[in-house]
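A short worksheet on the structure shown next.
Residue numbers (the working numbering): 778 to 970.
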């Protein structure tokens, strides 16, 4: 039996995963987080699972969460995230950057995740890691695409378009929910074309 692989990504309404601070500092979650979002995320990360990262996202996330400088690093879901085992696909990293249970794997991402899906006894979840997940989606390895859309448009400041390199994919909506009145979480089953 193959483990379920979920690509979990935050986005603005116009499809960006982050923004450049050109005089506008929205802060984490574009300053739109509320108790429902934080509680829901804590529930997601209470479940046993393995987190999968590409090198760039892992450096960013580990840096933020281990430094303690970002107030969002103490949100319960981030605390739980840091306790989960992680697999990092990288040809450049040489240590776990303070993540207590991180395994760095070298090699082709598609081969690595194909093998991991067959061997894992727990679900797999990847946060952001756009380039990695575009390749995995094209290979048909992403079982769920979970997009949390925050009610902002980053127009002139948006960077990291979440789907720009994803190729052509059909999406079947599996679940939708509204959190804190205006944050949308949409979960799809992607099928590459």
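From the three backbone atoms N, C-alpha and C, an ideal C-beta is built for every residue, glycine too.
Counting only residues of its own chain and dropping the five nearest sequence neighbours on each side, residue 819 has a CB closer than 8 Å to the CB of 852, 853, 854, 857. Residue state for residue 789 is assigned as strand, using DSSP reduced to three classes. Residue 943 counts as buried, since at least 16 other C-beta atoms from the protein chains shown sit within 10 angstroms of its C-beta.
For residue 963, there is no enclosing alpha helix (DSSP H); the enclosing beta strand (DSSP E) has its first and last residue at 960 to 969.
Of the candidates 804, 909, 892, 849, 909 places its Cα closest to the Cα of residue 868.
Note on residue 801: under 16 other CB atoms within 10 angstroms of its CB, so exposed under the neighbour-count rule. Closest by C-alpha distance to residue 789, out of 892, 875, 940, is 940. Proximity of the region 900 to 917 to the region 879 to 887 meets the contact definition, three or more beta-carbon pairs being nearer than 8 Å. When 925, 933, 878, 917 are compared, the shortest CA-CA separation from residue 835 is found for 878. With a minimum length of 4 residues, the unbroken runs of alpha helix (DSSP H) contained wholly in the region 795 to 852 fall at 812 to 821, 832 to 844.
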